[in-house]
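There are 2 protein chains.
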Amino acid sequence: MPFKTPRKPAARPAPRKGRRKAVPEPYHHGNLREALLAAGIQLLKEQGAEALGLRELARQAGVSRTAPYRHFESRDALLAGIAEQGFVKLREVLLEARHQHESDHERWFLEAARAYIGFAFGYAEHFKLMFGGYMKYEPGQHTSLHDAGNGAFQTLVDLIVASQESGLVMKGDPMAVSIAAWSTLHGFCSLAVHKRLDFLVENPELLSKTADLVARTCLEGVRARK
Amino acid sequence: MPFKTPRKPAARPAPRKGRRKAVPEPYHHGNLREALLAAGIQLLKEQGAEALGLRELARQAGVSRTAPYRHFESRDALLAGIAEQGFVKLREVLLEARHQHESDHERWFLEAARAYIGFAFGYAEHFKLMFGGYMKYEPGQHTSLHDAGNGAFQTLVDLIVASQESGLVMKGDPMAVSIAAWSTLHGFCSLAVHKRLDFLVENPELLSKTADLVARTCLEGVRARK
DNA sequence: CCGTCATGTAGACGACGTCAACTTATCGCG
DNA sequence: CGCGATAAGTTGACGTCGTCTACATGACGG
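Taken in sequence, the protein lines are chains F and H. Residues 1 to 226 (my numbering) make up the first sequence, in order. Residues 1001 to 1226 (my numbering) make up the second sequence, in order.
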């Protein structure tokens, strides 16, 4: 290599100085897979999904451009790995709403809705990656991404089932009702992160009023009819 | 009206065979801008937005790779032009629901919802292009795309305002209420076209039941409280 | 008839994803 | 302890893409 551009001194974690191996630090880089995911998550937040190139991520991790192929079979697979982290996080915030308000189903419902909206606005680019058309989302491919997505969805289904049993939410196929409720939340978030509600975002007060209205609409839409 | 694709001859319209000029055939190609949009719409339907490359569209229109720059300042602008056609079409189907059921607001509401869902499923790739992150959607850029989008949205606002006046839909800022209602529809469609509801689509009967539930949920969510 | 401008063309550049072939470091086994 | 197998990383190449610049062409107005 003619010149090695100093690029990223903060890349490789110095191959085991001390002789005792507290942590394995297995191979050349140490843990390139995790480093790529971390760099990807950072870059996603800063510059959006378009900026997530294999070569760019490799650069950020301080390795050569094809090194990622040892850990991800394609760019799609790398994006899927990043998106997967998003679903894990989304599930966490939904579970938190549950643990804080599980006894009051209406409160649980509304807080879960707010948590979903909060996630979408707080991790807008991640949200777009998770639900947009940035990578293939076919069954059979990226199974752990599907698992993570289903895991997040399951927290909504749990909420709906519990709310049906307590009489808050209408009876009917829990899947269908969950989707109907989810759709309201998701539609609002999807429109917002894709800048289709700019006339709202310019007005933070109206935005938060609308977000609250959406959360209530979400509940009223599936509330048990008297 | 580039939306209908009556099977283009796929190449240049033969530079003046006969000597008499029946149709003007104005410039070199004739009407490259419309040809590019038409080819784009066709390709979008067949292969999705990823396939919409400037060079590929030029190929389909039978011109050299940089010719499109005479009519669109960038790939983004070309995508915006194609998306714009989608908003025009969407507005049309929403207006049709209006004209057929304008006297019965509940019917109008439900048919508009079905029309929206029908558009999303019938023109899934177009829908993704219109609402996904495939191009910049900043205010000030692609103004005619914004106009078309706002035109389609306005049909929903009109519906909400009329329904508020007749007491079908809750009072409140018409924008906020429109967005809440729109969100339900849009979320369902967005999830579906992005293949997040595959367990539904495998089951056409459940799918249509859920679509109906979503349309009703959309109304119940904003119905005037008794 | 001629100049001008809109329209279309050709070449080049740097980015990208991916493949094949190569090198290097680590670990398991005798 | 040493050695081969193999996981991890590198280099070079190929074809694609969007876009820039310079150039060619054809239609229309004076």
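Glycine is no exception: its CB is placed at the ideal position from the N, C-alpha and C atoms. Model, not experiment: these values are computed from the prediction.
Cβ contact annotation for Val177/F (same chain, cutoff 6 angstroms, sequence separation greater than five): Ile160 and Val222, in chain order. Taking Ala1124/H as the centre and dropping the five residues before and after it, the same chain places the C-beta of Val1193 closer than 6 angstroms to its C-beta, in chain order. Measuring C-alpha to C-alpha distances from Ser1074/H to each of Val1214/H, Lys1136/H, Gly1187/H and Asp1147/H identifies Lys1136/H as the nearest. If you draw a straight line from the Cα of Ala211/F to the Cα of Ala61/F, it comes to about 38 angstroms. Under the rule that a run must span 4 or more residues, the alpha helix (DSSP H) segments found entirely inside the segment 1095 to 1131 of chain H read 1105 to 1122 and 1124 to 1131. Secondary structure at Val1063/H: coil, using DSSP grouped into helix, strand and coil. Using a Cβ-Cβ cut-off of 7 angstroms, Ala67/F is close to nothing in chain H; its nearest Cβ partner there is about 25 angstroms away. Counting only residues of its own chain and dropping the five nearest sequence neighbours on each side, Gly167/F has a CB closer than 8 angstroms to the CB of Ala224. Linking Cys218/F to Ala58/F through their CA atoms gives a straight-line distance of about 42 angstroms. The beta carbon of Glu92/F sits closer than 8 angstroms to none of the beta carbons in its chain outside the five residues before and after it. Residues of chain H with a Cβ closer than 7 angstroms to the Cβ of Ser183/F are, in chain order, Thr1184, Gly1187, Phe1188, Leu1191 and Val1214. Taking a beta-carbon distance threshold of 8 angstroms, Ile179/F counts as an interface residue toward chain H.
Contact between the segment 1078 to 1098 of chain H and the segment 1190 to 1206 of chain H is absent, with fewer than three C-beta pairs closer than 8 angstroms. Straight through space, the alpha carbons of Gly133/F and Leu52/F are spaced by roughly 14 angstroms.
Any Cβ of chain H closer than 8 angstroms to the Cβ of His194/F would place that residue at the interface, and such an atom is present. Proximity to Glu205/F across Thr1184/H, Pro1204/H, Asp1173/H and Leu1037/H peaks at Asp1173/H, based on C-alpha coordinates. If you draw a straight line from the Cα of Val63/F to the Cα of Arg1055/H, it comes to about 32 angstroms. In terms of CA proximity to Arg216/F, Leu185/F leads the group Lys195/F, Leu207/F, Ser190/F and Leu185/F. The three-state reading of DSSP puts Arg70/F in helix, counting H, G and I together. Contact check for Ala181/F and Phe87/F: beta-carbon distance about 18 angstroms, past the 8 angstroms limit, so the pair fails to qualify. With fewer than 16 other CB atoms across the displayed protein chains lying within 10 angstroms of its CB, Pro1139/H is exposed.
With respect to Leu44/F, His126/F sits close: the two C-beta atoms are nearer than 8 angstroms. Between the alpha carbons of Leu79/F and Ala1162/H lies a gap of roughly 45 angstroms. Within the same chain, Trp108 come within 7 angstroms of Glu102/F by CB-CB distance, once the 5 residues on both sides are set aside.
Listed along the chain, the chain F residues whose CB falls inside 8 angstroms of the CB of Asp1198/H are Pro139. Between Gly187/F and Ser1183/H, the C-beta gap is smaller than 8 angstroms, which places the two residues in contact. Around the beta carbon of Lys128/F, 16 or more other beta carbons lie within 10 angstroms, which makes this residue buried. Apart from sequence neighbours up to five positions away, the residues of its chain that approach His71/F with a beta-carbon distance below 7 angstroms are Leu32, Arg33 and Leu36, ordered along the chain.
DSSP places Pro204/F in the uninterrupted alpha helix (DSSP H) bounded by Pro204 to Val222.
Lys128, Phe131, Gly132, Gly133, Tyr134, Tyr137, Glu138, Pro139 and Gly149: these are the residues of the segment 122 to 150 of chain F whose beta carbon lies less than 8 angstroms from some beta carbon of chain H, given in chain order.
Chain F has no Cβ within less than 8 angstroms of the Cβ of Gly1118/H.
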